[in-house]
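Shown next, in structure tokens, is the structure this report addresses.
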Amino acid sequence: MTITQAVTSGGTASLYGDSTGISRFFRVSHWMKGVLAPAATLEGSQPQAHGLLAQTVRISAARGLSLFAWFVLAHVSGPRPAVVLLHGRCGNASNLLPAAQVLHRAGFAVLLMESRNHGRSDRDDHSSLPRFAEDLDIAIDWLKTLPRVDSARIVALGHLVGAAAVLLSASRRDDLAAVVSIAVFAHLEQLMRRWFALRYVPYRPLAWLINRSLERVIGAIFNDIAPVNTVAKATCPVLLVHGRQDTVAPVTDAHRIWKRGSQPNVTLIERDVTHEGFDDGDGITGDILKFVESALRERSASVPPAFTGPGSPRRTIQQLSAESAIQ
Numbered sequence: 006m007t008i009t010q011a012v013t014s015g016g017t018a019s020l021y022g023d024s025t026g027i028s029r030f031f032r033v034s035h036w037m038k039g040v041l042a043p044a045a046t047l048e049g050s051q052p053q054a055h056g057l058l059a060q061t062v063r064i065s066a067a068r069g070l071s072l073f074a075w076f077v078l079a080h081v082s083g084p085r086p087a088v089v090l091l092h093g094r095c096g097n098a099s100n101l102l103p104a105a106q107v108l109h110r111a112g113f114a115v116l117l118m119e120s121r122n123h124g125r126s127d128r129d130d131h132s133s134l135p136r137f138a139e140d141l142d143i144a145i146d147w148l149k150t151l152p153r154v155d156s157a158r159i160v161a162l163g164h165l166v167g168a169a170a171v172l173l174s175a176s177r178r179d180d181l182a183a184v185v186s187i188a189v190f191a192h193l194e195q196l197m198r199r200w201f202a203l204r205y206v207p208y209r210p211l212a213w214l215i216n217r218s219l220e221r222v223i224g225a226i227f228n229d230i231a232p233v234n235t236v237a238k239a240t241c242p243v244l245l246v247h248g249r250q251d252t253v254a255p256v257t258d259a260h261r262i263w264k265r266g267s268q269p270n271v272t273l274i275e276r277d278v279t280h281e282g283f284d285d286g287d288g289i290t291g292d293i294l295k296f297v298e299s300a301l302r303e304r305s306a307s308v309p310p311a312f313t314g315p316g317s318p319r320r321t322i323q324q325l326s327a328e329s330a331i332q
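Written as structure tokens, this is what we have:
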């Protein structure tokens, strides 16, 4: 049964005693469509504006889809560490170009990807945290096949929903060197509950029913994919970056995640910024770089370099681009 059926079968107005419930229900239903299938936006700067010589690539994803990405080789020869950067809901690859610029200057290869339904990537029936993580995993696997990327030293950095996706990915794979999670929420149930409260939608029964409907649509239980739970399963170093003025995901969310993580595996950095207020001006990118470099030094001490000799399954950028492009 869908949320529409669940609510209207008993009469939406009866939930509130008048027609206010009907109007409110359909406003929320309209909002849900926007959440699950956000409008793609191309707003933002280009890599060259940040001094990055990027190659445009398309990566084959699930369901026959194609993901858009900018890939920038490290300026140092040989297999180098790489960072894959993932935007938030309604964002695109441009959002994280400032961070990519700093990381590239430090010698990293960078991949700025766009999840399905975002930017120049293909459209799908819906977007969700599990699908963000699925697209991220595909991008990581793509990076690992490149001859000039050290597959043992790959870092995932995410912002907003992308921040939750990097933690979900890290909870399911052990080949990441580190993850950076910027402005992440602790649990979807609480995030949605706060959103409904701001719009005077009662949690029970309407908001609760909508959340259960969303779980059916995305194919996952909120509790199973909640960052406050997935962080405990991450085996690599985790950096949480959060704003003290964040009203969407308050800094207490970051505190909860930090406490649930494997100490001292999880580091928390706070700044006096809002949910989307991070930029180079507050020095946070420098702190991220220090964390990543420290994590990679530890990784290099425990993992041998990736094999790139005769018989290696790696392919060139040109080969991969040709293979992953939709004909």
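The sequence shown begins at 6 in this note's numbering and counts up one residue at a time. Just so it is clear, CB atoms sit at the ideal spot from N, CA and C, and this is done for glycine as well.
Contact check, residue i vs residue j, beta carbons under 7 Å
i    : j    : result
A59  : A182 : no
H164 : G93  : yes
N270 : P242 : yes
D258 : T279 : no
H123 : A45  : yes
P84  : R153 : yes
L47  : A74  : no
G282 : G248 : yes
N228 : M197 : no
P43  : C95  : yes
K238 : S176 : yes
V160 : V297 : yes
Cβ shell of residue i (< 6 Å), same chain only, five flanking positions each side left out
i    : result
A225 : P135
L325 : In this prediction, L325 has a pLDDT of 42, which is less than 50 and means its spatial position is unreliable; nothing more can be read from the coordinates.
D142 : S174
L162 : V88, L90, V185
G291 : none
N100 : H92
L41  : H131
I223 : S133, P135
A212 : F201, V206
Other residues of its chain near residue i: CB distance less than 8 Å, five sequence neighbours each side excluded
i    : result
G286 : Note that G286 has pLDDT 49, beneath the 50 cutoff, so the model's placement of it is unreliable and no number is given.
A202 : Y208
L294 : V107, L108, A111
A54  : L102
Supposed close pair residue i, residue j - CB separation, criterion 8 Å
i    : j    : result
V171 : L91  : 7 Å
L245 : I262 : 6 Å
R276 : V236 : Not really, about 20 Å apart at Cβ, beyond 8 Å.
A138 : L72  : Actually they are not in contact, since the Cβ atoms of A138 and L72 sit about 13 Å apart, beyond 8 Å.
D140 : A66  : 6 Å
A157 : R304 : 7 Å
S120 : S126 : 6 Å
M118 : A98  : 7 Å
The alpha helix (DSSP H) enclosing residue i, as first and last residue numbers
i    : result
T279 : That residue, T279, is in no alpha helix (DSSP H); it is neither H nor E in DSSP.
P103 : 102-110
P86  : Not the alpha helix (DSSP H): P86 falls in the beta strand (DSSP E), residues 85-91.
I289 : 289-307
G4   : There is no way to answer for residue 4, as the model of the chain reaches only from 6 to 332.
A170 : 166-175
Q53  : Run containing Q53: none; DSSP gives neither H nor E here.
T257 : 256-265
Q195 : 193-203
R136 : 134-149
V222 : 213-223
Residue range of the unbroken beta strand (DSSP E) whose run includes residue i
i    : result
Q60  : 60-65
F76  : 71-77
A231 : Counting along the chain, A231 falls outside any beta strand (DSSP E), and DSSP gives it neither H nor E.
L245 : 243-248
V117 : A quick correction: the sequence has Leu, not Val, at residue 117. Taken as a continuous stretch (DSSP letters only), the beta strand (DSSP E) holding L117 covers 114-118.
A183 : 183-187
Own chain, CB closer than 7 Å to residue i, minus 5 neighbours either side, in chain order
i    : result
A168 : S186, I187, A188, V189
S267 : A237
T240 : D179
E194 : N216, F227
Q. At a cut of 8 Å, does the segment 70-90 reach the segment 132-152 through at least three beta carbon pairs?
A. yes
Q.
Using 8 Å as the cut-off, can you tell me whether the segment 78-86 makes contact with the segment 103-119, which would need three or more C-beta pairs spanning the two stretches below that distance?
A. yes
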